[in-house]
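Note sheet for the following structure.
Residue numbers (my numbering): 3 to 318.
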């Protein structure tokens with residue numbers, strides 16, 4: 003199975019989609035009456051072994067590589083020197099993978115979407131209805147500091163499509179302190195773009211400690227998130243830490259920032275739009291305790307209650 007792929011190639015697992023599909027479809031799940039899967043790529047590729055089984059899929063998104071962000075990934079695959087090869091390979095590989103994906107979707111009895119955005123994609127690509135249940139977040143992990151600093155925070159896997167370059171450029175343009183957590187292929191380029199007010203707490207291959215991140219976010223003036231995400235757990239963590247979210251008005255962020263007293267949304271992924279949003283946020287009075295209470299909407303306990311209800315309803 004996938005374990006037999008040489009270790010040096012495992013980071014390129016997305017180049018072996020057919021192997022992943024085959025591995026999932028060969029799983030023997032005959033002893034289970036209810037099969038609960040979680041997927042953003044191949045997790046829903048399991049098959050029923052006998053009549054009467056029910057498959058419930060918690061969908062983080064229909065595979066972005068095949069559907070909603072195909073063109074974006076083809077422009078910037080994120081494989082460095084292999085990018086030209088991947089661009090040539092995608093038009094040959096993806097049509098077949100889409101067919102396998104649609105076959106798997108037909109096996110699913112109940113779809114759960116992790117956000118309103120994902121719900122729309124499930125309807126668009128699978129022609130299926132779904133129930134929205136937001137992902138669980140450990141909101142109790144954070145205690146907002148009463149005294150806030152003058153710095154902003156951003157965090158995440160540093161990939162081209164996440165557009166952290168815009169956050170770095172906006173902070174540099176406005177001469178604002180920005181602490182950047184995370185790593186990834188785009189790290190070196192981000193460092194080159196950064197001005198003296200931007201600080202990186204990690205390198206391309208490492209991660210900062212949880213303690214460093216928690217200290218920074220619980221005292222931050224705000225959290226900048228330029229990516230179009232399926233949901234965006236880190237934005238909920240920011241609210242739990244008492245930091246207002248400055249995020250893109252698309253994707254899962256719109257499920258999180260639902261009013262101007264908990265964050266500021268910008269319409270376009272541009273430096274100017276982010277800079278304007280930062281200025282608006284700085285003119286808005288935010289209450290850390292209120293932001294933390296807002297984050298409780300996404301607490302783990304509520305998630306479990308909703309999931310259990312879907313499971314009960316599916317067998318009743």
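For every residue, glycine included, the Cβ atom is placed at its ideal position computed from N, Cα and C.
#1: Return the CA-CA distance between residue 246 and residue 183, expressed in angstroms with no decimal places.
#2: With residue 87 as the anchor, note down where its beta strand (DSSP E) starts and where it stops.
#3: Using DSSP's beta-bridge definition, name the partner residues of residue 249.
#4: Which residues mark the beginning and the end of the alpha helix (DSSP H) in which residue 291 is found?
#5: Between the beta-carbon of residue 203 and the beta-carbon of residue 181, is there less than 8 Å?
#6: For residue 214 versus residue 144, is the C-beta spacing smaller than 8 Å?
#7: What do you get for residue 123, buried or exposed, if any count of 16 or more other CB atoms within 10 angstroms of its CB means buried?
#8: Which class does residue 369 belong to by DSSP, given the choice of helix, strand or coil?
#9: Starting from the C-beta of residue 75, find all residues in its chain whose C-beta is less than 6 Å away, skip the five residues before and the five after it, and write them out in chain order.
#10: Based on Cα-Cα distance, which residue from 57, 260, 155 lies nearest to residue 2?
#11: So residue 119 and residue 254 are in contact, right, with Cβ under 8 Å, and what is the actual spacing, rounded?
#12: Assuming residue 289 contacts residue 224 under a Cβ cut-off of 8 Å, what Cβ separation, rounded to an integer in Å, is found between them?
#13: Considering only the beta carbon of each residue, do residue 277 and residue 172 sit closer than 8 Å?
#14: Of the residues 285, 82, 217, which one's Cα is nearest the Cα of residue 147?
#15: Classify residue 54 as buried or exposed, calling it buried when 16 or more other Cβ atoms lie within 10 Å of its own Cβ.
#16: The alpha helix (DSSP H) with residue 20 in it runs from where to where?
#17: Can you give me the Cβ contacts of residue 31 inside the same chain, cut-off strictly under 7 Å, excluding the 5 residues immediately before and after it?
#18: Grab me the residues of residue 92's own chain with a C-beta within less than 6 Å of its C-beta, minus the 5 sequence neighbours each way, in chain order.
#19: For a quick check, are the C-beta atoms of residue 161 and residue 187 less than 8 Å apart?
#20: Flag this pair as yes or no: are the beta carbons of residue 141 and residue 297 separated by less than 8 Å?
#21: What residue does the beta strand (DSSP E) around residue 115 start on, and which one ends it?
#22: Indicate whether residue 62 and residue 116 have their beta-carbon atoms separated by less than 8 Å.
#23: Relative to the alpha-carbon of residue 179, which residue among 139, 185, 222 has its alpha-carbon at the smallest distance?
#24: Measuring alpha carbon to alpha carbon, tell me which residue in 272, 190, 64 is nearest residue 130.
#25: In angstroms, rounded to a whole number, what distance separates the CA positions of residue 227 and residue 259?
#26: Can you give me the Cβ contacts of residue 111 inside the same chain, cut-off strictly under 8 Å, excluding the 5 residues immediately before and after it?
#27: So the alpha helix (DSSP H) residue 305 belongs to, where does it begin and stop?
#28: Cα separation between residue 99 and residue 127?
#29: So is residue 177 buried or exposed if we call it buried at 16+ other beta carbons inside 10 Å?
#30: Which same chain residues, not among the five before or five after residue 135, have their C-beta less than 8 Å away from its C-beta?
If we stick to the structure as given:
#1: 17 Å
#2: Unbroken run through residue 87 is the alpha helix (DSSP H), 85-109; no beta strand (DSSP E).
#3: 227, 267
#4: From DSSP, the alpha helix (DSSP H) with residue 291 extends over 290-297.
#5: Judged by beta-carbon spacing, residue 181 lies within the 8 Å limit of residue 203, meaning their Cβ atoms are closer than that value.
#6: For residue 214 and residue 144, no; Cβs fall outside 8 Å.
#7: Buried, because 16 or more other Cβ atoms sit within 10 Å of the Cβ of residue 123.
#8: The chain is shown from 3 up to 318; residue 369 falls before or after that span and cannot be answered.
#9: Taking residue 75 as the centre and dropping the five residues before and after it, the same chain places the C-beta of 67 closer than 6 Å to its C-beta, in chain order.
#10: Nothing about residue 2 can be reported from this structure: the residues present for the chain run from 3 to 318 only.
#11: 5 Å
#12: With 8 Å as the limit, residue 289 and residue 224 do not qualify as a contact, their Cβ atoms being about 13 Å apart.
#13: yes
#14: 217
#15: exposed
#16: Secondary structure note for residue 20: its alpha helix (DSSP H) is the uninterrupted segment 19-27.
#17: 37, 48, 51
#18: 76
#19: For residue 161 and residue 187, yes; Cβs fall inside 8 Å.
#20: The criterion of a C-beta distance shorter than 8 Å is satisfied by residue 141 and residue 297.
#21: It spans 112-115 - the beta strand (DSSP E) in which residue 115 sits, taken as one unbroken run.
#22: yes
#23: 222
#24: 64
#25: 12 Å
#26: Around residue 111, the same chain offers 56, 57, 58, 316 as residues with beta carbons nearer than 8 Å, after the five sequence neighbours per side are excluded.
#27: 302-317
#28: 13 Å
#29: exposed
#30: Result list for residue 135: 60, 114, 115, 116, 305, 308, 309, 312, in chain order.
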